[in-house]
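K.L.:
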Amino acid sequence: MKNFSIFFLFSLLSFSVLGQAVTLEPDSLTKKSVIKIEFFSPLTGNTTFGYERYLKNFTSIEAKIGIIGLGKKIDEPYRDNGVFVKVGPKFKLKPAYATEGTFGTHLLRGSYIRPELALSIFGHEEFDRSSKSITAAALLINYGKQVVLGKIMSLDWHVGLGYGFSNDDDQGYFYGFSAGDNDFPMAFSAGFTLGVLLK
1 MKNFSIFFLF
11 SLLSFSVLGQ
21 AVTLEPDSLT
31 KKSVIKIEFF
41 SPLTGNTTFG
51 YERYLKNFTS
61 IEAKIGIIGL
71 GKKIDEPYRD
81 NGVFVKVGPK
91 FKLKPAYATE
101 GTFGTHLLRG
111 SYIRPELALS
121 IFGHEEFDRS
131 SKSITAAALL
141 INYGKQVVLG
151 KIMSLDWHVG
161 LGYGFSNDDD
171 QGYFYGFSAG
181 DNDFPMAFSA
191 GFTLGVLLK
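So the sequence shown is numbered by my numbering: it starts at 1 and just counts up by one.
1. Span of the beta strand (DSSP E) holding Asp156?
2. Taking the alpha-carbon positions, what's the Leu139 to Leu119 distance?
3. With DSSP as the reference, please indicate the residues paired to Pro115 in a beta bridge.
4. Does DSSP put Ser130 in a helix, in a strand, or in coil?
5. How big is the Cα-Cα spacing for Gly123 and Lys94?
6. According to the Cβ coordinates, are Ser60 and Leu108 closer than 8 Å?
7. Mind checking which residues open and close the beta strand (DSSP E) that includes Tyr78?
8. Return the first residue and the last residue of the beta strand (DSSP E) that Asn46 is part of.
9. Using the rule of at least 16 other Cβ atoms within 10 Å of the residue's Cβ for burial, across every protein chain shown, is Ile6 buried or exposed?
10. Tell me the residue span of the beta strand (DSSP E) that contains Ser60.
11. Quick one: what's Tyr173 bridged to in DSSP?
12. Expressed to the nearest angstrom, what Euclidean distance is found between the alpha-carbon atoms of Tyr163 and Gly50?
13. Under 8 Å: do the stretch 124-134 and the stretch 150-157 share three or more Cβ pairs, one atom per stretch?
Okay, here's the thing in C-alpha cells:
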C-alpha cells in the first residue's frame with residue numbers, strides 16, 4: 001500500500017505538467033454546468049448522480065449524491081440501504097491556449113485536481129437478520145481528466161487517495177470510497193462519469 005501511495009503521488013506530479021492545445025470554437029464557453037451519472041455505480045450496489053458548475057479562473061465546484069441500495073451487488077450475502085454525498089472544488093491544471101489572448105479550450109475540459117469531502121451513512125443487514133448502522137467519512141485528493149464531446153456531453157475519469165474513518169472497522173467499502181481500518185486509515189476512490197452539458 002505504501003508503494004502504491006508513492007506511485008500515485010509521483011503520477012499526480014507528472015501529469016500536472018502536461019497540457020494539450022486544441023482549436024477554440026467561439027461558442028465553446030457558453031455551457032458552464034454538467035449533470036452527471038457514475039456509469040458503473042449500479043454494479044457496486046448504488047447509483048450516483050453529480051452536478052458540476054464552473055465558477056471562475058478555471059475552477060468549478062462539483063457535488064455528488066449516491067443512493068445506496070439502488071443497484072446490484074452480485075452474490076453478496078447482505079443488504080445495504082442509505083446515502084452518501086461527496087463535494088469539493090475542481091482546479092483545472094495548466095489550461096490549454098488555442099491562440100494568444102483567448103481563454104483556452106472549453107472551461108470544463110482538461111486535467112484537474114479535486115479535494116473532496118465524502119460522507120456515507122447506511123444500514124447494513126445480513127441475511128440472518130442481524131443489522132447495524134454505519135457512518136464513514138473521508139478526505140480525498142482526486143486527480144482526473146474530463147473531455148467534452150460535441151459541446152453536449154462530458155466524459156470524466158478520476159482516482160483519489162486520502163484518509164478515511166468509520167464507526168465499523170469490519171467494513172472496507174463505503175460506496176463513496178474504500179478505506180482501511182482506523183489503525184491504517186488510508187482511503188481510495190475511483191470513478192467514470194457521463195454527463196450532459198447545460199447553460
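For every residue, glycine included, the Cβ atom is placed at its ideal position computed from N, Cα and C.
P.N.:
Reading from the atomic positions:
1. As a first step, residue 156 must be located in the sequence shown, where it is residue number 156. Run containing Asp156: 153-166, per the beta strand (DSSP E) assignment.
2. Taking the first residue of the sequence shown as 1, we reach residue 139 at position 139. Taking the first residue of the sequence shown as 1, we reach residue 119 at position 119. Going from the Cα of Leu139 to the Cα of Leu119 covers about 9 Å.
3. Counting from 1 along the sequence shown, the entry for residue 115 is found at position 115. DSSP, once it has assigned bridges, lists Ile141 as partnering Pro115.
4. Stepping through the sequence shown from its first residue, residue 130 is reached at position 130. Note: Ser130 maps to coil in three-state DSSP.
5. As a first step, residue 123 must be located in the sequence shown, where it is residue number 123. As a first step, residue 94 must be located in the sequence shown, where it is residue number 94. When rounded, the distance between both Cα atoms is 42 Å.
6. In the sequence shown, the residue the question calls residue 60 occupies position 60. In the sequence shown, the residue the question calls residue 108 occupies position 108. Contact: yes.
7. For this step, residue 78 is matched to residue 78 along the sequence shown. Its beta strand (DSSP E) spans residues 78-92.
8. Here residue 46 is taken as the residue at index 46 of the sequence shown, counted from 1. In the DSSP assignment, Asn46 falls within the unbroken beta strand (DSSP E) covering 46-56.
9. One-based indexing of the sequence shown puts residue 6 at position 6. Residue confidence is low: Ile6 scores 45 on pLDDT, short of 50, so the model does not pin down where it sits. Its coordinate-derived value is still stated next. Label assigned to Ile6: exposed.
10. In the sequence shown, the residue the question calls residue 60 occupies position 60. Element bounds for Ser60: 59-68.
11. Translated into positions along the sequence shown, residue 173 becomes position 173. Answer by DSSP bridge pairing, in chain order: Ser178.
12. Stepping through the sequence shown from its first residue, residue 163 is reached at position 163. Stepping through the sequence shown from its first residue, residue 50 is reached at position 50. Rounded to the nearest whole angstrom, the C-alpha separation of Tyr163 and Gly50 is 22 Å.
13. Contact between the stretch 124-134 and the stretch 150-157 is not established, with fewer than three Cβ pairs separated by less than 8 Å.
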